[in-house]
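Okay, so here's the structure we're looking at.
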Amino acid sequence: MKHTYKVLSLTVLVLAMIISGMPMNNAKAESPLKDLIIYQNAPQVDVSNSGEEFELKALNVYEDGHFTFVSEGLDWSSSNKNVASVDDNGNVTLTGNSGKSFIKLTNGDYTDRIAVHVKPAPEKGEKGKPASKAMIVKEERERYDIVGEAIANMTIEEKIGQMLMPDFRNWDGENVTEMLPKIEQLVKDYHLGGVILFRENVVTTEQTTKLVADYQEAAEKYGLLMTIDQEGGIVTRLQSGTDFPGNMALGATRSAEIAHNVGKAIGEELHSLGINVNFAPVMDVNNNPDNPVIGVRSFGGDPELVAEMGVAYTEGLQSTGVAATAKHFPGHGDTAVDSHLGLPEVPHDKERLMEVELYPFQQAMNAGIDAIMTAHVTFPKIDDSKAISKKTGEEIAVPATLSHKVLTELMREEMGYEGIITTDAMNMKAIADHFGAVDAAVRAVKAGTDIVLMPVGLSEVRQGLLDAVDSGELSVDRIEASVERILSLKIKRGVIKEETPLPLEEKIAQASEIVGSQEHKQVEKEAAERSITLVKNEQALPLNAAADEKVVVVGRSFIENLGNAVKQHHENTTVIEAPSTYQLTEEQKAEIREASAVIVGTYTYNVSGRSAESAQMQLVKALGSETEAPVIAVGIRNPYDIMAYNSEVDAYLAQYGFRTASFKATAATIFGTNTPGGKLPVSIPGVDEGTLYEFGHGLTY
2 MKHTYKVLSL TVLVLAMIIS GMPMNNAKAE SPLKDLIIYQ NAPQVDVSNS
52 GEEFELKALN VYEDGHFTFV SEGLDWSSSN KNVASVDDNG NVTLTGNSGK
102 SFIKLTNGDY TDRIAVHVKP APEKGEKGKP ASKAMIVKEE RERYDIVGEA
152 IANMTIEEKI GQMLMPDFRN WDGENVTEML PKIEQLVKDY HLGGVILFRE
202 NVVTTEQTTK LVADYQEAAE KYGLLMTIDQ EGGIVTRLQS GTDFPGNMAL
252 GATRSAEIAH NVGKAIGEEL HSLGINVNFA PVMDVNNNPD NPVIGVRSFG
302 GDPELVAEMG VAYTEGLQST GVAATAKHFP GHGDTAVDSH LGLPEVPHDK
352 ERLMEVELYP FQQAMNAGID AIMTAHVTFP KIDDSKAISK KTGEEIAVPA
402 TLSHKVLTEL MREEMGYEGI ITTDAMNMKA IADHFGAVDA AVRAVKAGTD
452 IVLMPVGLSE VRQGLLDAVD SGELSVDRIE ASVERILSLK IKRGVIKEET
502 PLPLEEKIAQ ASEIVGSQEH KQVEKEAAER SITLVKNEQA LPLNAAADEK
552 VVVVGRSFIE NLGNAVKQHH ENTTVIEAPS TYQLTEEQKA EIREASAVIV
602 GTYTYNVSGR SAESAQMQLV KALGSETEAP VIAVGIRNPY DIMAYNSEVD
652 AYLAQYGFRT ASFKATAATI FGTNTPGGKL PVSIPGVDEG TLYEFGHGLT
702 Y
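One gets the working numbering by counting positions in the sequence shown from 1 and adding 1 to each.
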């Protein structure tokens with residue numbers, strides 16, 4: 002009798018699930034089904050570039066407001082197959098005939114449709130047939146306000162959770178390369194909106210794909226924004242990805258096409274891994290050579306160049322479905338303090354900021370960039386308000402990240418930006434030391450940020466934001482405005498949980514074909530070769546050394562990389578790695594005296610490093626007294642290195658970064674198999690005053 006009762010109970014439960022529309026293959030979707038809609042009918046989805054073949058997707062919408070991609074149990078049909086056909090998976094193919102067709106979707110209980118209009122275009126298409134122009138016309142009804150429906154049903158804990166984006170770089174002293182049960186529980190308990198990944202997390206293509214998939218599986222209702230700083234150049238997180246030259250190298254190419262191609266290739270690699278937001282490009286104008294944190298991460302020192310390259314990179318990146326992020330607003334380029342360590346200040350007035358620092362950000366906004374990251378930098382001419390430092394007890398200026406005048410009045414109201422605002426990492430000392438974790442998070446949200454990135458103490462910060470809502474310091478409307486933007490971005494970029502996800506093996510196979518592909522290696526090679534800038538050449542280059550002539554490569558940081566690249570062109574090459582003191586031994590000096598050419602690589606990232614009095618620069622200046630052979634210097638990272646030894650070298654090349662492709666391109670340029678075409682994206686100042694080499698300077702053969 003008990004067995005019969007259990008069977009009856011189970012039967013009733015199954016029938017109830019069927020009647021309610023609840024999918025039985027998804028335990029997470031416990032809420033009854035409310036609607037079925039075509040994803041492209043959501044107002045956030047762009048349908049302007051559909052092409053002759055395109056895929057429509059379906060969303061299940063549940064009573065509790067959450068929504069998921071659904072692919073099974075659906076019926077797709079076309080009202081006019083002479084215009085467009087649709088297969089069982091929602092793939093639409095246009096016939097080329099003009100006219101109108103409704104593509105209909107149903108699961109037997111709910112129905113939706115979207116219109117396809119095809120109009121003949123005046124130009125001729127393939128084989129002389131009239132080309133056609135397709136236009137998808139969305140339905141416009143209240144049922145498509147799925148963001149509003151979601152917010153109306155979310156708890157305040159869920160709303161605040163969407164605004165939190167921690168990192169799980171390490172756990173119990175170990176790098177997090179696979180999902181851990183405790184992290185999975187945190188994702189659920191805190192209803193997290195996103196997670197940022199670091200180099201420690203993304204080791205191989207297979208491992209990264211699985212980790213990202215596991216994060217998405219851990220999310221209960223809404224897909225996670227999986228983010229990373231994959232700028233290219235010196236800030237490259239993927240260990241298995243293509244190592245593209247950085248932004249200053251792209252600026253040196255003066256090619257928007259190359260910047261677009263690099264952004265697109267980076268986007269394709271991230272998208273294949275399941276990473277949907279890139280915290281790039283850097284849109285700071287590096288007009289201060291003493292900047293310790295931006296430097297070669299910037300496209301250059303001219304706002305128009307930065308804007309052109311940054312917008313091209315952004316458009317390439319976002320064309321792949323990955324959101325781009327312009328950083329660091331309102332501009333971290335003209336600073337001499339690293340905000341990881343202290344609180345920098347930009348003293349300029351509004352007029353100057355609009356012409357220089359803010360110009361690239363405005364162009365990025367106009368081009369439809371998805372997100373903007375704030376700078377932990379003070380701008381007293383925009384906001385002169387003060388706060389008491391928790392570290393020193395003294396009165397200090399409020400940085401942009403925490404400023405309502407900067408984020409809301411300037412960015413939102415004056416510049417008209419409507420997308421996502423995210424803070425920079427909240428564990429940086431500029432914020433953490435002076436304001437404390439909870440106060441800083443509350444201030445940032447009050448100022449207008451949507452995402453609190455890397456909060457210090459996830460539990461404490463979440464509770465602090467909840468308390469601020471309870472006390473009225475933060476309004477529910479303010480929270481909901483951010484959640485609306487976050488969910489809108491997730492819909493726009495398809496960051497939505499799937500009821501039937503692609504099997505992990507297929508995801509890994511797809512990613513393995515894309516990450517580090519030959520096509521991307523070619524983009525990397527072209528960018529590197531076009532970037533190499535010949536700054537000085539007193540008839541030393543191109544180098545034409547006979548096989549029996551010795552070439553010596555000398556230096557310290559990354560000198561093996563430079564040496565190996567040179568050896569590809571000239572076997573009779575000796576690499577001398579200088580000791581930490583940069584004092585060469587007598588044996589090493591003897592090697593240099595026997596050389597027919599000396600190539601010296603210098604590597605600096607701060608003012609003291611490139612000082613003429615530094616040990617590294619003293620080594621370069623001493624080479625002339627050891628040899629009559631030409632001395633060819635390579636600025637491995639910063640182009641400013643030549644300031645220390647301009648008169649002591651016969652030639653100087655700037656390569657803007659330490660990635661393998663850049664070393665290969667430099668070596669090819671030295672030996673004349675690559676013609677230098679790069680133009681300085683910054684001005685190189687004289688040691689005392691004036692300009693040593695102007696912005697745009699660049700020699701060739």
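Glycine residues also receive a C-beta, built at the ideal position from the N, C-alpha and C atoms.
Next item on the list: Give the straight-line distance between the Cα atoms of Gly465 and Ala438, rounded to the nearest whole angstrom.
Entry: Taking the straight line joining both Cα atoms gives about 9 Å.
Next item on the list: Report back the beta-carbon spacing between Ile115 and Ile184 to the nearest angstrom; my notes put them in contact at under 8 Å.
Entry: With 8 Å as the limit, Ile115 and Ile184 do not qualify as a contact, their Cβ atoms being about 39 Å apart.
Next item on the list: Please go through the same chain and pick out, in chain order, the residues whose beta-carbon is closer than 6 Å to the beta-carbon of Leu359, but skip the five residues on each side of it.
Entry: Pro331
Next item on the list: Express the C-alpha separation of Glu31 and Lys3 in angstroms, rounding to a whole number.
Entry: Caution applies to Lys3, whose pLDDT of 39 falls short of 50 and renders its modelled position unreliable; the value that the coordinates give is listed next. Distance between the alpha carbons of Lys3 and Glu31 is about 27 Å.
Notebook entry, point to check: Does the segment 480 to 492 touch the segment 166 to 181, meaning 3 or more C-beta pairs lie closer than 8 Å?
Noted result: These segments do not touch.
Next item on the list: Report all residues from its chain with a CB closer than 6 Å to the CB of Asn538; omit the five preceding and five following residues, and keep chain order.
Entry: Ala652 and Leu700
Checklist line | Start-to-end residues for the alpha helix (DSSP H) that takes in Phe664 | finding: Thr661 to Ile671
Note to self: Measuring only the C-alpha atoms, how far is Val357 from Gln364?
What the structure shows: Distance between the alpha carbons of Val357 and Gln364: 12 Å.
Check: Taking Tyr295 as the reference, which of Asp285, Pro304 and Asp303 has the closest Cα?
Finding: Residue identity check: residue 295 is Ile in the sequence provided, not Tyr. For the residues Asp285, Pro304 and Asp303, the minimum Cα distance to Ile295 belongs to Asp285.
Note to self: Per DSSP, what are the beta-bridge partners of Ile422 in this structure?
What the structure shows: Ile373
Check: Do you know how far the Cα of Asp215 is from the Cα of Ala456?
Finding: Residue identity differs from the one stated: residue 456 is Pro in this sequence, not Ala. Roughly 22 Å between the two C-alpha positions.
Check: Are at least three pairs of beta-carbons, each pair with one atom in the segment 243 to 257 and one in the segment 552 to 572, less than 8 Å apart?
Finding: no
Next item on the list: Tell me, to the nearest whole angstrom, how far the beta carbon of Met310 is from that of Met366; I am working on the premise that it is less than 8 Å.
Entry: About 16 Å separates the CB atoms of Met310 and Met366; that is not less than 8 Å, and the two are not in contact.
Check: Skipping 5 residues on each side, what residues in its chain have a beta carbon closer than 6 Å to that of Gly264?
Finding: Tyr314, Gly317 and Leu318
Notebook entry, point to check: Looking at the structure shown, is Asp384 part of a helix, part of a strand, or coil, going by DSSP?
Noted result: DSSP, read as helix, strand or coil, puts Asp384 in coil.
Checklist line | Same chain, Cβ closer than 8 Å to Leu306, five either side skipped, listed in chain order | finding: Taken in chain order, the residues that qualify are Gly252, Arg255, Phe300 and Pro682.
Margin query: Distance check for Pro345 and Lys430, CA to CA, integer angstroms please.
Written below: So the two alpha carbons sit approximately 11 Å from each other.
Notebook entry, point to check: Could you check where the beta strand (DSSP E) with Met366 kicks off and where it finishes?
Noted result: Premise fails: Met366 lies in the alpha helix (DSSP H), Leu359 to Asn367, not in any beta strand (DSSP E).
Check: If you pair each beta-carbon of the segment 622 to 637 with each one of the segment 649 to 666, do three or more pairs fall below 8 Å?
Finding: yes
Margin query: Suppose the cutoff is 7 Å on Cβ atoms and the five residues either side in sequence are ignored; what does the same chain contact list for Ile161 look like?
Written below: Sequence-distant Cβ neighbours of Ile161 in its own chain, meaning closer than 7 Å and more than five residues away, are Arg463, Leu466, Leu467 and Ile480.
Next item on the list: In the DSSP assignment, find the unbroken beta strand (DSSP E) run with Asp36 in it and report its ends.
Entry: Segment Leu34 to Ile39, the beta strand (DSSP E) holding Asp36.
Item checked: Where Met155 falls: helix, strand or coil (DSSP) -> When secondary structure is reduced to three states using DSSP, Met155 falls in the coil class, being assigned neither helix nor strand.
Check: Where DSSP assigns a beta bridge to His341, which residues make up the other side?
Finding: DSSP lists no partner for His341.
Next item on the list: Quick one: give me the first and last residue of the beta strand (DSSP E) that Asn675 is part of.
Entry: No beta strand (DSSP E) holds Asn675; DSSP gives it neither H nor E.
Next item on the list: Report the three-state DSSP secondary structure of Met136 (helix, strand or coil).
Entry: strand
Checklist line | Distance between Leu198 and Asn287 (C-alpha atoms, nearest Å) | finding: Cα to Cα, the separation comes out at about 26 Å.
Item checked: Cα-Cα separation, Val621 to Glu527 -> Answer to the nearest angstrom: the Cα atoms are 30 Å apart.
Check: Relative to the C-alpha of Val196, which residue among Met155, Gly233, Tyr63 and Thr423 is closest?
Finding: Thr423
Next item on the list: Check whether the Cβ atoms of Thr205 and Ser241 lie closer than 8 Å to each other.
Entry: yes
Check: By the 10 Å Cβ neighbour count, where 16 or more other Cβ atoms means buried, how is Glu690 classified, buried or exposed?
Finding: Taking every protein chain shown into account, the CB of Glu690 has fewer than 16 other CB atoms within 10 angstroms, so this residue is exposed.
Checklist line | Whole-Å CB distance - Glu561 paired with Glu578, under 8 Å assumed | finding: About 7 Å separates the Cβ atoms of Glu561 and Glu578, confirming a contact at the 8 Å cut-off.
Next item on the list: Could you please give me the residues that DSSP links to Lys183 through a beta bridge?
Entry: For Lys183, which the question treats as bridged, DSSP gives no partner whatsoever.
Check: To the nearest angstrom, how far is it from the Cα of Gln617 to the Cα of Ala598?
Finding: 19 Å
Check: Which term fits Glu143, buried or exposed, when burial requires 16 or more other beta carbons within 10 angstroms of its beta carbon?
Finding: Per the 10 Å Cβ criterion, exposed.
Notebook entry, point to check: Does DSSP put Ala28 in a helix, in a strand, or in coil?
Noted result: Unreliable placement is indicated for Ala28, whose pLDDT of 38 sits below 50; no coordinate value is reported for it.
Check: Could you give the residue range of the beta strand (DSSP E) that holds His329?
Finding: Thr326 to Phe330
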